[in-house]
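Let me begin by presenting the structure, written as structure tokens, before commenting on it.
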Amino acid sequence: MRIDKYLADAGIGTRSELKKAVRSGRVSVNGKIIKDSAMHIDENADTVCFDDVPVVWRRYAYYMLNKPQGYISSTNDSGMTVLDLIYENDRDLFPCGRLDKDTEGLLLITNDGPLAHQLLSPRHHVDKEYYVKLSRDLADEAVKEIEEGIVIDGGEKCMPAEVKRISSDECMLVIHQGKFHQVKRMIAAVGNEVIYLKRIRMKNLVLDEKLAPGEYRALSQQEISGLKEQDNL
Ligand code: URA
0 MRIDKYLADA
10 GIGTRSELKK
20 AVRSGRVSVN
30 GKIIKDSAMH
40 IDENADTVCF
50 DDVPVVWRRY
60 AYYMLNKPQG
70 YISSTNDSGM
80 TVLDLIYEND
90 RDLFPCGRLD
100 KDTEGLLLIT
110 NDGPLAHQLL
120 SPRHHVDKEY
130 YVKLSRDLAD
140 EAVKEIEEGI
150 VIDGGEKCMP
160 AEVKRISSDE
170 CMLVIHQGKF
180 HQVKRMIAAV
190 GNEVIYLKRI
200 RMKNLVLDEK
210 LAPGEYRALS
220 QQEISGLKEQ
230 DNL
């Protein structure tokens with residue numbers, strides 16, 4: 000791997016910043032100052048230091064994005080994709096799961112394929128929690144149907160979900176599957192309509208309230224470990 004990519008992956012700076020840093024002698028490989036940012040190193044064997052401090056390289060990158068409306072959860076599209084919001088977009092990143100174009104909130108952006116597979120596998124029933132604003136009041140009977148496992152589109156039965164009322168026409172909804180447009184279809188099945196949808200949580204990863212729509216940040220080590228825990232999978 001090229002040394003500038005290695006350093007960028009470790010979060011030391013951008014490729015152009017690193018080019019300058021390498022040229023000015025701030026980077027060493029196995030104790031020897033290097034000057035060529037295109038040099039290739041072995042990320043599993045070489046010791047790289049930046050300003051004499053050993054660099055910790057990460058194979059995978061993990062970001063929490065507060066997805067704004069108007070962006071598509073895909074890696075390539077003629078429209079705006081969520082990856083257009085990520086500055087560090089040179090690590091084969093992809094969104095872990097999909098939110099509709101008009102849905103906001105928590106989206107994990109990563110290049111960790113095995114973790115994404117675990118989190119998205121229909122066998123694992125990972126919790127997804129949404130804030131839902133409805134066009135009409137949510138009836139008690141509708142809550143009961145959703146909590147017991149509602150049938151959508153005249154035949155597809157959903158797993159029981161949890162509803163926490165916030166007001167007459169707002170609730171938090173926890174689902175354990177990831178069917179296409181699932182929340183909107185569940186709500187439509189009880190004769191109501193979603194007018195605003197925001198994902199707040201996936202498994203134990205909670206959207207950071209400090210992130211405005213369109214902002215993102217790297218996950219902490221604790222958050223990454225939480226997602227990798229096997230108990231809820
Ligand atoms: N359910 C939906 O209907 N839409 C989303 O974006 C996510 C879950």
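Read in numbering that gives the first Met the number 0, the sequence shown has 166 at position 167, and its numbers run on one by one without any break. For each residue, glycine too, the CB sits at the ideal point set by N, CA and C. Remember, predicted model here, so these are calculated numbers, not experimental data.
9 Å Cβ cutoff, residue i in contact with chain D
{"i": "VAL173", "result": "As a matter of chain content, chain D is missing from the structure shown, which is built from one protein chain."}
Between the CA atoms of residue j and residue i - distance to the nearest angstrom
{"i": "LEU6", "j": "LEU17", "result": "7 Å"}
{"i": "GLN220", "j": "ILE108", "result": "15 Å"}
{"i": "SER36", "j": "ALA60", "result": "21 Å"}
{"i": "ILE11", "j": "PRO159", "result": "45 Å"}
{"i": "ARG198", "j": "MET38", "result": "42 Å"}
{"i": "GLN229", "j": "SER23", "result": "45 Å"}
{"i": "LYS132", "j": "SER27", "result": "54 Å"}
{"i": "TYR86", "j": "ILE174", "result": "31 Å"}
{"i": "LEU2", "j": "MET63", "result": "Before going further, note that residue 2 is Ile rather than Leu in the sequence given. Rounded to the nearest angstrom, the two C-alpha atoms are 26 Å apart."}
{"i": "LYS183", "j": "ARG14", "result": "42 Å"}
{"i": "GLU128", "j": "GLU161", "result": "9 Å"}
{"i": "ARG143", "j": "GLU222", "result": "At residue 143 the sequence reads Lys, which differs from the Arg that was named. Cα-Cα distance, rounded: 33 Å."}
{"i": "TYR70", "j": "LEU204", "result": "21 Å"}
{"i": "ASP99", "j": "ALA188", "result": "18 Å"}
{"i": "LYS156", "j": "ALA141", "result": "15 Å"}
{"i": "LEU172", "j": "TYR130", "result": "7 Å"}
{"i": "GLU214", "j": "ASN65", "result": "6 Å"}
{"i": "SER77", "j": "ASP139", "result": "42 Å"}
{"i": "LYS227", "j": "ARG200", "result": "15 Å"}
{"i": "GLU48", "j": "ASP101", "result": "Here residue 48 is Cys; the residue named in the question, Glu, does not match the sequence. Taking the straight line joining both Cα atoms gives about 44 Å."}
{"i": "ASP152", "j": "CYS170", "result": "22 Å"}
{"i": "MET0", "j": "LYS19", "result": "18 Å"}
{"i": "LYS4", "j": "GLU208", "result": "31 Å"}
{"i": "ASP41", "j": "TRP56", "result": "11 Å"}
Assigned exposure category for residue i - 16 Cβ within 10 Å defines buried
{"i": "GLU146", "result": "exposed"}
{"i": "ASN88", "result": "exposed"}
{"i": "VAL125", "result": "buried"}
{"i": "GLY104", "result": "buried"}
{"i": "VAL32", "result": "Reading the sequence as shown, one finds Ile at residue 32 and not Val. With fewer than 16 Cβ atoms within 10 Å of its Cβ, ILE32 is classed as exposed."}
{"i": "ASN75", "result": "exposed"}
{"i": "ASP111", "result": "buried"}
{"i": "VAL150", "result": "exposed"}
{"i": "ASP8", "result": "buried"}
{"i": "MET185", "result": "buried"}
Close beta carbons around residue i, own chain, < 6 Å, minus the five adjacent residues each side
{"i": "ARG135", "result": "ASN191"}
{"i": "ARG58", "result": "none"}
{"i": "MET79", "result": "TYR70"}
Sequence-distant residues of the same chain with beta carbon closer than 8 Å to residue i, five excluded per side
{"i": "SER167", "result": "ASP136 and LEU137"}
{"i": "THR46", "result": "VAL28, ASN29, GLY30 and PRO53"}
{"i": "PRO121", "result": "GLN176 and GLY177"}
{"i": "GLY225", "result": "LYS202, ASN203 and LEU204"}
9 Å Cβ cutoff met for residue i and residue j
{"i": "PRO67", "j": "LEU84", "result": "yes"}
{"i": "SER73", "j": "PRO94", "result": "yes"}
{"i": "GLY96", "j": "LEU119", "result": "yes"}
Cutoff 7 Å; reference residue i; Cβ partners in own chain excluding five residues on either side
{"i": "ASP50", "result": "ARG25"}
{"i": "TYR195", "result": "LYS132"}
{"i": "ALA211", "result": "ASN65"}
| In chain order, each alpha helix (DSSP H) run of at least 4 residues that lies wholly inside the segment 13-98 | 14-22
| said: At 4 residues or longer, what runs of the alpha helix (DSSP H) sit wholly inside the segment 174-201? | reply: 181-188
| Could you give the uninterrupted runs of the alpha helix (DSSP H) lying entirely in the segment 101-186, keeping only those of 4 residues or more? | 112-119 and 139-147
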